[in-house]
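Numbering follows our numbering, in which position 90 of the sequence shown is assigned residue number 90; successive positions increment by one, without gaps.
Written below as structure tokens is the structure these notes are about.
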Amino acid sequence: MHPIPNSEPWRICYRELAPKLLLFARQWVGTMSDAEDVVQTAFVKFWRHQPSAGREHYPLLYSAVRTAALDMLRAQNRRMRREADPAVEVLREDATWLDSSVERQDDAALIERAMRGLPPEQAQVLVLRIWGELTFAEIAAALDQSINTVASRHRYAIEALRRTLRSYEPARIGV
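Structure, rendered in structure tokens:
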């Protein structure tokens, strides 16, 4: 966790720029409340990475707001596609992760068991990458991790799944 920097420069920055950034964010998002969320997200992320807010940093906030707005739009589009798909079942805690048609039940059970055996950080990245269809950059932003950390967790998760699932191969073919 980052130490809390002197927040006074950011208060001044927010007072000066927030109304302008809200108008800027409204170009991409549908509602004023979404624009407010985008601006707040951009400020918080930017503040963590640039604790001393000087006027020379103000233009970068516009870029951060644009990125946050586009991220929000992508997430909304993915959610709308997912919700519009009648084949997608809302996941409950006891719901299966994968297709459970009769011919695929054994495979699904093996993969689910292997996924549950992963460390939570790796499973989370894998779910966001495969089922959430997020890029490594989007996952890094969502989890507030470096892109290298996210890529490593993904790679370790895939390797662990391969090792785990490989051990089931002989049993499945009757060896």
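Beta carbons: idealized from backbone N, C-alpha and C, even for Gly.
Leu-22 is the residue among Ala-151, Ile-12, Leu-110, Leu-22 whose C-alpha sits nearest the C-alpha of Ala-64. Inclusion of Val-38 and Met-72 in the CB contact set at 7 Å is warranted, their separation being smaller than that value.
In the structure shown, the three-state DSSP call for Thr-135 is coil. For the options Arg-166, Cys-13, Asn-77, Glu-8, the alpha carbon positioned closest to that of Glu-133 is the one of Asn-77. In the three-state scheme derived from DSSP, where H, G and I count as helix and E and B as strand, Ser-63 is classed as helix. Taken through DSSP and simplified to helix, strand or coil, Ser-152 comes out as helix. The Cβ atoms of Val-150 and Phe-136 sit closer than 7 Å to each other.
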